[in-house]
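Step one of this worksheet: look at the structure below.
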Amino acid sequence: MKALIDFARKNKKTVLFMLLWSTVIFWITKEKITGAIQPGKGFAGRSFLTQFAILVFFSFLFFFILSALVVVYTRYISPILPERMKLCFQPFFLSTTGKIATHPVTQLTLMLWIVAFSYLHRGFDITDNGYYLLISHRYEDVAYEIRQFGIFTRLIYLAVGESAARMRIAGAVMLMAITMLCGWSVGKSFGVKSVDQKAMFMAIPTITAVLFYRQWLSTPNYNWLTLLSGLLLLTGFMVLTYQTKRSHLAGGIVIGISGFIAFLSKLTTAAFFAGIFLLVILVERKKIREVVQIFIGGLIGLLSGVAFIYLNGQSIQSIYIKLTRGYEAISLFEHSIESIFDPLWLYIKQLTLGYWWLWLGYTFLLAAVRFYFKKINRTVNDVEFRILAGIWLGVLFLAGLFIETGYWAGLLYGFTLIFLIISRGKVSTSVETDTDQGKAILRSLYGVLIAFSIAFGTINQYTWVFANIICVFVLSLLFLVEAFPNVIRSYTQKGLVILFLIIIPYTLYIVPLSSKRPVTYGQDIEVTRMETKSSIRLGKEEVITSPKYALAFKTLQNDAIADGFVEGTPVIDLTGMAPGLVYVLDGRSPVYPWYSGGYPNSTRFVQNILKDWTNEDFDKAWVLTSENKRQIPSTLVTECGKKFPEEYKKVTSVIIPTKDNITVELWKPTN
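Residue numbering for the sequence shown follows the working numbering, beginning at 2 and increasing consecutively.
Laid out in structure tokens, this is it:
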């Protein structure tokens, strides 16, 4: 015990982070620990007092275990290790990379991602994620699609052995890596030197990127791919500013690749990217003299994309046909060119007019402080700046606790910009002239415009969609923090701004996951409590779900197999919301993987799809039906030549434990 106390006194920072790691270890294992010491309800079902007592006790228990291991290593093992072994590790810890890896911000980032990875493989969503899985698993069936993201996602799916759980983990690793790369490129563009700043630029965007997995099962999809394309685009812009011999060509290649990825994931985003690219050329015209090299690089990136298409068995002609047919499909839902702007306008309207009182009050507070110090004619710049910075951080912190994440991302950038403008003259800057400061503001807009272009064209009017773009907003904030005041830069080195930027996303991420109600879309219990293993795709794949989902999947597959269902059997999904059940059965959904119900022209859309089915597929097709607000009329089967339900046999019915507990029925053709 004395050795532990002595170690704690000499290594306070190490002790702090061991305590944090101990809490993370407990959080990952809390359900098993709770079940072992107090069988019955899980951790989330206990009272707050019980949860707190278990948390404190086991966090300290893990802390003492870790501390004992560290003390044993430093006192008894390290001294007897051969000098060669010490020399193997010493260069890493002394290098910049090693210092960044062991930096507090990096450690906190890793903790948060470990928490995410601990539940990422659990759960199974039968709606959107089932649609993405069908596209990846049976891409050859997709003939009626406006987004060709399946070309990319199926490669990940195949690489991880056709596993939905491993595919989600692989997607998270890719997003974390590319976000870190983007943050590193932003820091390099500003020429940051200190380990603190390098760690901040690399780590903080990945912390906010983890919000992508807050309330949605994270199967790689078009939103995920569009986010990657936006991060790559910003990385390309940063490479252009390096002013090295090959930076223009390299930046152009990255920009070309990002545009190609955006084109195949979301056409509207790709179009917006082109406009942002022209803006960057105009803003950086004095520094970017090798415009020809940039365009050559962009062309190389685009041609690489074309080669990628052909290597994956596609052709430009087939892509064009699918895009035009896909546009026709989208038009059926009354999603005109004008309507795809609606969520963007709604977001901007809510962010500005919806929170006008917050903008006004915040600006008034900052202006009042400036006016007061100017009136008393005292040279107390440091005190004044501390008050202004306190208001800035305090308002953002409170807003983060009560305002939805996507809107908070906009406030994060806007409030920081207002703070820098009002506090101007009271802080030293890292740029010399007003022109340079104006250019710094324009540069900070790159990320904001990219973020809006990622959201642009998203027809679903869900605010959570905008939470996916928060990491790009944060990168823009880093622009402002670095381009303007050296005082704020010194604050980041002291950890104040770093802690703030970590606490908010951490709170927004952990608090919902710790609640007593399921927050992940389409799940009946918290994913952290899911322990039931279930075989899907007729035994070829395993998922971890809730007991109710596992029972539904088992019943559906067993009854289908008993009645002759085999791999690749066509399935007409008339539930309007359950393409994931087709994937569970390892069936096929020819022409289009999801017959979405609930839209103005859903019925007409499905009519067009069924007309494109071959007679052979249609005659062999089984049918999924249900009674819910999104169901597709079963009369469409009769219109296509087979009487329903007269020419079908009801095989089974299962209850899908969504919030409405929908009953789904499976039907087999009798001839």
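We put the beta carbon where it would ideally sit given N, CA and C, even for glycine.
Item to check | C-alpha distance - tyrosine 120 paired with threonine 180, whole-angstrom precision | outcome: 21 Å
Item to check | First and last residue of the uninterrupted alpha helix (DSSP H) at lysine 549 | outcome: 548–563
Checklist entry - Do lysine 31 and valine 284 come within 8 Å of each other at the CB atom, strictly closer than that value? => result no
Next on the checklist: Can you give me the C-alpha to C-alpha distance between alanine 165 and aspartate 126, rounded to a whole angstrom?
Outcome noted: 10 Å
Item to check | Under the three-state DSSP convention, the category isoleucine 147 falls into | outcome: coil
Checklist entry - Would you call glycine 599 buried or exposed, if buried means 16 or more other Cβ atoms sit within 10 Å of its Cβ? => result exposed
Checklist entry - Count the other CB atoms within 10 Å of the CB of aspartate 197; is the residue buried (16 or more) or exposed (fewer)? => result buried
Checklist entry - Under a three-way DSSP split, which group does threonine 493 fall into? => result Because threonine 493 carries a pLDDT of 49, less than 50, the predicted location of this residue cannot be relied on, and the following value inherits that uncertainty. If DSSP states are grouped into helix, strand and coil, threonine 493 belongs with the helices.
Next on the checklist: Per DSSP, what are the beta-bridge partners of valine 592 in this structure?
Outcome noted: Val143
Next on the checklist: Which of the three DSSP states is assigned to proline 206 in this structure?
Outcome noted: helix
Item to check | Other residues of its chain near lysine 495: CB distance less than 8 Å, five sequence neighbours each side excluded | outcome: Low confidence applies to lysine 495: its pLDDT is 49, below 50, so where it sits in the model is not reliable enough to give any reading.
Checklist entry - Which whole runs of the alpha helix (DSSP H) in the segment 115–192 are 4 residues long or more, in chain order? => result 129–138, 151–160 and 165–191
Item to check | DSSP beta-bridge partners of glutamate 542 | outcome: Ile537
Checklist entry - With distances taken from CA atoms, which of Leu637, Val255 and Leu109 is nearest threonine 576? => result Leu637
Checklist entry - With serine 603 and glutamate 666 assumed to form a contact (beta carbons below 8 Å), what rounded beta-carbon distance in angstroms separates them? => result Not really, about 19 Å apart at Cβ, beyond 8 Å.
Next on the checklist: Rounded to whole angstroms, what is the Cα-Cα separation between tryptophan 22 and proline 105?
Outcome noted: 11 Å
Item to check | Length-filtered (4 minimum) alpha helix (DSSP H) runs lying within the segment 246–332 | outcome: 248–266, 268–284 and 292–312
Checklist entry - Would you say tyrosine 74 and phenylalanine 150 are within 8 Å of each other, going by their C-beta atoms? => result no
Next on the checklist: Please identify the residue among Ala410, Leu399 and Ala368 whose C-alpha is closest to the C-alpha of phenylalanine 420.
Outcome noted: Ala368
Checklist entry - Distance, Cα to Cα, threonine 245 vs glycine 260? => result 23 Å
Checklist entry - What is the rounded straight-line gap between the Cα of tyrosine 593 and the Cα of methionine 201? => result 44 Å
Item to check | Cβ distance (whole Å) where isoleucine 34 is taken to contact leucine 113 below 8 Å | outcome: Going by Cβ atoms, the distance from isoleucine 34 to leucine 113 rounds to 21 Å, so no, they are not a contact pair.
Checklist entry - Going by the CB atoms, is the gap between glycine 448 and phenylalanine 416 shorter than 8 Å? => result no
Checklist entry - Which first and last residues belong to the beta strand (DSSP E) in which proline 678 is found? => result This structure cannot speak to residue 678, because the chain is shown only from 2 to 672.
Checklist entry - How many whole angstroms separate the CB atoms of glycine 237 and leucine 300, which I take to be in contact at a CB cut-off of 8 Å? => result Not really, about 14 Å apart at Cβ, beyond 8 Å.
Next on the checklist: I believe isoleucine 471 touches glycine 407 by the beta-carbon criterion, under 8 Å. Please report the beta-carbon distance rounded to the nearest angstrom.
Outcome noted: 7 Å
Checklist entry - Does the Cβ-Cβ distance between isoleucine 392 and leucine 366 come in under 8 Å? => result yes
Next on the checklist: Can you look up serine 603 in the DSSP assignment and give me helix, strand or coil?
Outcome noted: helix
Next on the checklist: When you compare the CB positions of tyrosine 133 and proline 221, do they come within less than 8 Å of one another, or not?
Outcome noted: yes
Item to check | Member of Glu146, Leu229 and Val193 whose CA lies at the smallest distance from the CA of alanine 178 | outcome: Leu229
Item to check | Per DSSP, cross-strand counterpart(s) of valine 370 | outcome: Answer by DSSP bridge pairing: none, since valine 370 is not bridged.
Checklist entry - Around the Cβ of glycine 327, are there at least 16 other Cβ atoms within 10 angstroms (buried) or fewer (exposed)? => result buried
Checklist entry - Taking C-alpha atoms, which residue in Ala400, Ala330 and Val143 lies nearest to tyrosine 356? => result Ala400
Next on the checklist: Which residue wins for smallest C-alpha separation from glutamine 294, given the options Leu304, Gly276 and Arg247?
Outcome noted: Arg247
Next on the checklist: Within a Cβ cutoff of 7 Å, which residues of the same chain sit near phenylalanine 59, ignoring the five residues on either side of it in sequence?
Outcome noted: Phe27 and Ile34
Checklist entry - For threonine 354, does the three-state DSSP call read helix, strand or coil? => result Per the sequence shown, the amino acid found at residue 354 is leucine instead of threonine. Note: leucine 354 maps to coil in three-state DSSP.
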